[in-house]
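**Q**
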Amino acid sequence: IPEMVSPAIALAFLPLLLTLIIRYRYYFVLFYRAILVRIWKDCVTGLTREERAYQYILTHATPGDPDSILDAFDVWCSKVEFISNIGPKKGKILDRLLMEQSPLTVLELGTHCGYSTVRIARALPLGARLYSVEMDQRNAAIAEKIIRLAGFDDDMVELIVNPSDEVIPRLRSDYGLERLDFVFMDHWKKSYCPDLQMLEGSGLLGKGSMIVADNVLFPGAPKFLRHIRKSGLYEWKIHRATLEYSKGIRDGMAELVYQGIK
Amino acid sequence: KKKRGNGRRKGASKEAGEGEEEMQVRPEKRERGKRRRAKNDQEAKGRERDEEEQTKIKSAKTTKTRKKEKSRKTEEEEGEGESEERNTKRKKKHGSAKKEEKEEDGGKQVRPESLSPEELEKLKEAVDERKKLIQGLRGKPWPMKKKLVTLRESQEFVEKYEGALGKGKGRKLYAYKVMMTKKWMKFQRDFENFKTACIPWEMKIKEIESHFGSSVASYFIFLRWMYGINMILFGLTFGLVMVPEALMGRPYGSIPRKTVPRAEEASAMDFAVLWDWGGYAQYSVLFYGYYNSQRAIGWLKFRMPLSYFLVGVGTVAYSYMVVIRTMARNANESGVGDDNSFNFSWKMFTSWDYLIGNPETADNKFASITTSFKEAILEEQESRKDDNIHLTRFLRVLANFLVLCCLAGSGYLIYFVVRRSQKFALDGLENHTWWERNEVNMVMSLLGMFCPMLFDVISTLENYHPRVALQWQLGRIFALFLGNLYTFIIALMDEINLKREEEKIIKFNITMWEASLYNSTVSENSTAPPVTIHPADVPRGPCWETMVGQEFVRLIISDTMTTYITLLIGDFLRAVLVRFLNYCWCWDLEAGFPSYSEFDVSGNVLGLIFNQGMIWMGAFYAPCLPALNVLRLHVSMYLQCWAVMCCNVPQERVFKASGSNNFYMAMLLVILFLSTLPAIYTIVTIPPSFDCGPFSGKKRMFDVIHETLESDFPAWFSKVFSYASNPGLVLPFILLMVLAIYYFTLAWIHSQKPLCFLFVCPKRGKQEEEQTSSTEGTNGSRGGQKSSLTGCRATKQQCFITGGRE
Chain V
1 IPEMVSPAIA LAFLPLLLTL IIRYRYYFVL FYRAILVRIW KDCVTGLTRE ERAYQYILTH
61 ATPGDPDSIL DAFDVWCSKV EFISNIGPKK GKILDRLLME QSPLTVLELG THCGYSTVRI
121 ARALPLGARL YSVEMDQRNA AIAEKIIRLA GFDDDMVELI VNPSDEVIPR LRSDYGLERL
181 DFVFMDHWKK SYCPDLQMLE GSGLLGKGSM IVADNVLFPG APKFLRHIRK SGLYEWKIHR
241 ATLEYSKGIR DGMAELVYQG IK
Chain E
1 KKKRGNGRRK GASKEAGEGE EEMQVRPEKR ERGKRRRAKN DQEAKGRERD EEEQTKIKSA
61 KTTKTRKKEK SRKTEEEEGE GESEERNTKR KKKHGSAKKE EKEEDGGKQV RPESLSPEEL
121 EKLKEAVDER KKLIQGLRGK PWPMKKKLVT LRESQEFVEK YEGALGKGKG RKLYAYKVMM
181 TKKWMKFQRD FENFKTACIP WEMKIKEIES HFGSSVASYF IFLRWMYGIN MILFGLTFGL
241 VMVPEALMGR PYGSIPRKTV PRAEEASAMD FAVLWDWGGY AQYSVLFYGY YNSQRAIGWL
301 KFRMPLSYFL VGVGTVAYSY MVVIRTMARN ANESGVGDDN SFNFSWKMFT SWDYLIGNPE
361 TADNKFASIT TSFKEAILEE QESRKDDNIH LTRFLRVLAN FLVLCCLAGS GYLIYFVVRR
421 SQKFALDGLE NHTWWERNEV NMVMSLLGMF CPMLFDVIST LENYHPRVAL QWQLGRIFAL
481 FLGNLYTFII ALMDEINLKR EEEKIIKFNI TMWEASLYNS TVSENSTAPP VTIHPADVPR
541 GPCWETMVGQ EFVRLIISDT MTTYITLLIG DFLRAVLVRF LNYCWCWDLE AGFPSYSEFD
601 VSGNVLGLIF NQGMIWMGAF YAPCLPALNV LRLHVSMYLQ CWAVMCCNVP QERVFKASGS
661 NNFYMAMLLV ILFLSTLPAI YTIVTIPPSF DCGPFSGKKR MFDVIHETLE SDFPAWFSKV
721 FSYASNPGLV LPFILLMVLA IYYFTLAWIH SQKPLCFLFV CPKRGKQEEE QTSSTEGTNG
781 SRGGQKSSLT GCRATKQQCF ITGGRE
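Here it is in structure tokens:
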């Protein structure tokens, strides 16, 4: 018989366990909603998460009205399942930045299912153009549908289905872009840093171009932050907020203004 | 000739005085400075210098003629009167300089002079001017560049011509004097630096303060203070108890109480036994049982039992004195705290912690000030609305309820474990595993470690200001530790009673054994030499005092171990993992989930305080405890300094720890009282063991005082003492003491009152004026307000009057 630790000592660890549970409750909830529920629903319905979201929006939102689509998305993400969109709170910051900047050429990396695309397109001035890059074919198909449902046509929003590291070097040649006024990053957190460096190298960024990156604190992009700190090319700040559709997990959105080499 | 001598003397005294000079001639200097400044603005620098000199000399002449009229005596009186105002050091210097200067004067009067007297005087005046300029330079409203240039030029001038004033022997002496003055000043400065460097760990603490703010530093200052106290306790026990017994007492193996019993001899040197403080460690000066009850030991006739008793009492008395003295000193320093009114002004003007020197902490502080402003504005809004107060109250009550549940649970767990350990002890400890044997200590340490974390989490419900939250947290942990400690003591008391019953049986057995031994020797052979029994074979009692001492030492050791292991795992290992796993992890470990740990001020302070409480409690039965504690504090000073700088991040809400020192002290006082309580109880009520310790054979431990009085002091003294200890005299004396305390408290309160009024009255007056002005139209409660206002003014006047009288 192996030597047993006495039950009293085991009981003494109870406060530690409680502390951990209470302190990290939001993470547990997130784990449950984002992973367990997703796996369960995938098995039950046989559809992907994005398709389920699309179905919900189709039934609950008014076509041609971006606001109602966004609202439906928010409701679905906070009540039913979890998709890491930018969310309403950080979305407001994004809206404000877009209003101030009123950019004409916008690049979005990571369309996912089109929430942020609709959000950006809604806030753009007349004649502006948004290029949205998505790697996954199925997600892109759904995003396309949602964008069209919101009433944005091909002239305004162009969806590029390719990995971002292939798209960025070809932006100038294939899409005839001269300068990007606004870049929004919300794709793989690991690609933030290489993509930013690629953008710097491509020469598409001019003085005053704004780059906004979501989720720089959670899940977090430490290399990206280190790069912007060190490079000295940007005036930057981090808008502190909480993770989308969750109260207790802190997250931040980085706002960079390209200054060029001085 | 005489006049000139006078003048020279004056000049010389001016030079010698240097610093002292400034005040004497301030009005003139100011005048001249003004004139010079006006000129400086107009003219170029190069030309200016020459002219300036001339004007200076002129003006100096005028002042000199004025001054000449005064007699030497008055001048000297003046000098002395002024020198009295300065601090003693400088006065001394001044005096010595004067003496030297007199000698020089005497030497000069007989020698001829080659330089014409007028020139000499001019030069002297110019040099004086320069010196004055150098001294007053700091206060001049010039640009820094100009100041620097002027300073350099003046210094060069002084250097060049200062030596030329004296001649021959006098000149050398003068140069020597100037050099010595400079050296002395430098020495003083260096000495000041040296004194600062001598304060132990000052630089370390300052560095921590600059990184983490004053609340973390206050812990380390407290730790250092505690270290000082423990050094003195250690000195007392080591110098007056342990060393005399080790050097002059009977050696190891001479009597039973100083020998390892035969049954334990085989394992007495095993590490496991020594680690448990058994074996040779138990039978050494480290514990109570080793000490002999011999009245006087060695050629010094050192009264060992008396010394043991007095040191035991003295350490406690000294601790009381020090704690109370420090509290009183701190109480004077802390001002009238008022966080509620003028909230925004306080925040605006006093929220910065000027000791922060680290950009990251400054960022945090900046962010925290911003958030605190936001929160204060929100709070203000909410207080206007005040609909949420019920929720807050409910949450606070709920939090306290949860904490109480937690406390009760931990108390019950400890009680359960202690009962179980008693059962184990009855079964015989050898049959149980290491886990079971160390269960009590383990559970106590673990609970002491984890429950505060739980409290911390619960306290986020309450939404207090961090300073208030810290005090709540401290109070809760205090209750937890206190409960744990007292459960432990109660368990110990039970064990003491068990041992005493065992002792009774053994005592009876020993008498039987001795009788049988005696009988056998007598019956066998009356002429044979009496059998000498090796002290290791003599049966002996259980010696509860040593047992208590051992328990405390074990507790301290396990506590220390837990602290260090938590530090290494919870802080260091976590920091290493976070730092290096971050390169290959899917989220940001540093900014996100585990992150680095913060320094836990409240937990550490309380750990320190309770540790000290255990030392006070156990030091009487284990004289080695202060030594162990000094060691522990020393190590934890370095370890924690390193850990805090290496693995912790500044607190998210950095706040100032002003006034928290006295809070720590108050807790320390409470703990001191609570820990001396059981110690004194055991000393007074339980008779000492019959065969171990310095008080063996006495009915009570304090009988040693009585014994000393009877045998070491003259008869009249003990008579006086017996009269003095008569209740008829003691009671009035106590009454007198109580009255004196009452008087002093009242006096203190009265002296505090005017100050309070000075703080409160203008404020209240202003508020009420605001109110009256705002409610100009509605005259409902105006009369009342006015009367209260006038009342306040009246009291203010009154307190001014009383203040004046005092």
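So the protein sequences, as listed, match chains V and E. For the first sequence, full-length UniProt numbering gives the first residue as 1, with consecutive numbering after it. For the second sequence, full-length UniProt numbering gives the first residue as 1, with consecutive numbering after it. C-beta: ideal position from N, C-alpha, C; glycine also. Predicted model, so just to flag it, every value in this text is computed and none were measured.
(1) What's the call for T682/E, buried or exposed, on a 16-neighbour Cβ count within 10 Å?
(2) If you draw a straight line from the C-alpha of residue 809/E to the C-alpha of I556/E, how long is it?
(3) Can you list, in chain order, the residues of its chain with a C-beta nearer than 8 Å to that of N484/E? Leave out the 5 residues immediately preceding and following it.
(4) Going by CA-CA distance only, name the one from M737/E, S636/E, G613/E that's closest to A679/E.
(5) Can you tell me the Cα-Cα spacing of residue 807/E and Y308/E, whole angstroms?
(6) Along the beta strand (DSSP E) that carries E207/E, what are the first and last residues, could you check?
(7) Hey, would you say L104/V sits closer than 8 Å to A128/V, going by beta carbons?
(8) In chain V, what lies closer than 7 Å to M442/E by C-beta?
(9) Across which residues does DSSP place H112/V in a beta bridge pair?
(10) Going by DSSP in three states, G232/V sits in which element: helix, strand or coil?
(11) Which value, in whole angstroms, describes the spacing of the CA atoms of A72/V and A141/V?
(12) If you measure between the beta carbons of L639/E and L567/E, is that distance less than 8 Å?
(13) For S132/V, name the three-state secondary structure that DSSP assigns.
(14) Bridge partners for K237/V per DSSP, in chain order?
(15) Cα separation between L18/V and G114/V?
(16) Contact check, I458/E vs A399/E under 8 Å by CB: the rounded distance?
(17) Using the DSSP secondary-structure output, state which residues sit across from S597/E in a beta bridge.
(18) Looking at the unbroken alpha helix (DSSP H) that takes in K207/V, where does it start and where does it end?
(19) Could you check the C-alpha separation between I505/E and F733/E for me, to the nearest Å?
(20) Along chain E, in chain order, which residues have C-beta atoms closer than 7 Å to that of I22/V?
(21) Taking 8 Å as the threshold (beta carbon to beta carbon), is E436/E in contact with chain C?
(22) Whose CA, out of D276/E, W587/E, S689/E, L674/E, lies closest to the CA of I609/E?
(23) Do you know offhand how far D181/V's Cα is from R170/V's?
(24) Report yes or no: do the segment 169-185 of chain E and the segment 315-325 of chain E share at least 3 C-beta pairs separated by less than 8 Å?
(25) Determine which residues of the segment 678-698 of chain E have a Cβ less than 7 Å from any Cβ of chain V, and write them out in chain order.
(26) Go through its chain and collect everything with a Cβ distance to Q137/V's Cβ below 7 Å, but skip five positions before and after it.
(27) What residues in its chain sit with their C-beta under 6 Å from that of P623/E, if we drop five residues either side in the sequence?
(28) Starting from P194/V, find everything on chain E with Cβ-Cβ shorter than 9 Å and list it in chain order.
(29) Spatial neighbours of A246/E within its chain, please: CB distance less than 8 Å, with the 5 preceding and 5 following residues excluded, ordered by chain position.
(30) Which value, in whole angstroms, describes the spacing of the CA atoms of L11/V and L243/V?
(31) Could you compute how far the alpha carbon of K247/V sits from the alpha carbon of L148/E?
(32) Pick from Y290/E, Q381/E, R303/E, M304/E: whose alpha carbon is nearest that of G693/E?
(33) Would you list, in chain order, the members of the segment 236-258 of chain V that have their beta-carbon closer than 9 Å to a beta-carbon of chain E?
(34) Is it buried or exposed, T532/E, if we count other Cβ atoms within 10 angstroms and call 16 or more buried?
(35) Do you know offhand how far L677/E's Cα is from M667/E's?
(36) Sorted by chain position, which residues of the same chain lie with C-beta nearer than 8 Å to N726/E's C-beta, five sequence neighbours on each side aside?
**A** The answer reads as follows:
(1) Taking the second sequence and counting its residues from 1, one reaches residue 682/E at position 682. Buried: at least 16 other Cβ atoms inside 10 Å.
(2) The question about residue 809/E has no answer, for chain E in this structure spans 1 to 806.
(3) Counted from its first residue, the second sequence places residue 484/E at position 484. Taken in chain order, the residues that qualify are S410, G411, I414, M444, L447, G448.
(4) Indexing the second sequence from 1 puts residue 679/E at position 679. Closest option to A679/E, Cα to Cα, is G613/E.
(5) This structure leaves residue 807/E out entirely; chain E is present only between 1 and 806.
(6) As a position in the second sequence, residue 207/E is number 207, starting the count at 1. Run containing E207/E: none in the beta strand (DSSP E); it sits in the alpha helix (DSSP H), 202-212.
(7) Here residue 104/V is taken as the residue at index 104 of the first sequence, counted from 1. Here residue 128/V is taken as the residue at index 128 of the first sequence, counted from 1. In this structure, L104/V places its C-beta atom within 8 Å of the C-beta atom of A128/V.
(8) Taking the first residue of the second sequence as 1, we reach residue 442/E at position 442. Going along chain V in sequence order, the residues near M442/E (Cβ under 7 Å) are I9.
(9) Along the first sequence, one-based indexing puts residue 112/V at 112. Answer by DSSP bridge pairing: none, since H112/V is not bridged.
(10) By 1-based counting over the first sequence, the position of residue 232/V is 232. Reduced to three states, the DSSP call for G232/V is coil.
(11) The sequence position of residue 72/V within the first sequence is 72, counting from 1. The sequence position of residue 141/V within the first sequence is 141, counting from 1. When rounded, the distance between both Cα atoms is 19 Å.
(12) Within the second sequence, residue 639/E is the residue found at index 639, counting from 1. Within the second sequence, residue 567/E is the residue found at index 567, counting from 1. Yes, they are a contact pair.
(13) The residue labelled residue 132/V in the question sits at position 132 within the first sequence. Reduced to three states, the DSSP call for S132/V is strand.
(14) Working through the first sequence from its first residue, we reach residue 237/V at position 237. Answer is E255/V.
(15) The count along the first sequence starts at 1 and reaches residue 18/V at position 18. The count along the first sequence starts at 1 and reaches residue 114/V at position 114. Cα atoms of L18/V and G114/V: separation of roughly 39 Å, rounded to the nearest angstrom.
(16) As a working note, residue 458/E is residue 458 in the second sequence. As a working note, residue 399/E is residue 399 in the second sequence. Confirmed, Cβ separation roughly 5 Å.
(17) By one-based count along the second sequence, residue 597/E stands at place 597. BP columns for S597/E point to N648/E.
(18) Within the first sequence, the letter at position 207 stands for residue 207/V. Per DSSP, K207/V belongs to no alpha helix (DSSP H); it is in the beta strand (DSSP E), 205-213.
(19) As a first step, residue 505/E must be located in the second sequence, where it is residue number 505. As a first step, residue 733/E must be located in the second sequence, where it is residue number 733. Their backbone Cα atoms lie some 45 Å apart in a straight line.
(20) Indexing the first sequence from 1 puts residue 22/V at position 22. By Cβ distance, chain E contributes V457.
(21) Absent from the structure: chain C. Protein chains present are V and E.
(22) The residue labelled residue 609/E in the question sits at position 609 within the second sequence. Nearest option by C-alpha distance: L674/E.
(23) As a first step, residue 181/V must be located in the first sequence, where it is residue number 181. As a first step, residue 170/V must be located in the first sequence, where it is residue number 170. Roughly 17 Å between the two C-alpha positions.
(24) no
(25) none
(26) Locating residue 137/V in the first sequence gives position 137, counting from the first residue. The residues are V161.
(27) For the purposes of this step, residue 623/E is identified with residue 623 of the second sequence, where counting begins at 1. So the list reads T237, V241, M242, once near-sequence residues are dropped.
(28) One-based indexing of the first sequence puts residue 194/V at position 194. Ordered by position in chain E, no residue passes the 9 Å Cβ test against P194/V, which lies about 15 Å from the chain.
(29) Along the second sequence, one-based indexing puts residue 246/E at 246. Contacts found: V285.
(30) Taking the first residue of the first sequence as 1, we reach residue 11/V at position 11. Taking the first residue of the first sequence as 1, we reach residue 243/V at position 243. Each residue's alpha carbon lies about 34 Å from the other.
(31) Locating residue 247/V in the first sequence gives position 247, where the first residue counts as 1. Locating residue 148/E in the second sequence gives position 148, where the first residue counts as 1. Each residue's Cα considered, the two are about 59 Å apart.
(32) Taking the first residue of the second sequence as 1, we reach residue 693/E at position 693. Of Y290/E, Q381/E, R303/E, M304/E, the residue nearest in Cα terms is Y290/E.
(33) So the close ones are R240, I249, R250, D251, G252.
(34) Residue 532/E sits at position 532 when you count from the first residue of the second sequence. Looking at its Cβ environment, which holds fewer than 16 other Cβ atoms inside 10 Å, T532/E is exposed.
(35) Taking the second sequence and counting its residues from 1, one reaches residue 677/E at position 677. Taking the second sequence and counting its residues from 1, one reaches residue 667/E at position 667. The alpha-carbon atoms of L677/E and M667/E are separated by roughly 15 Å.
(36) Position 726 of the second sequence holds residue 726/E. So the list is empty, once near-sequence residues are dropped.
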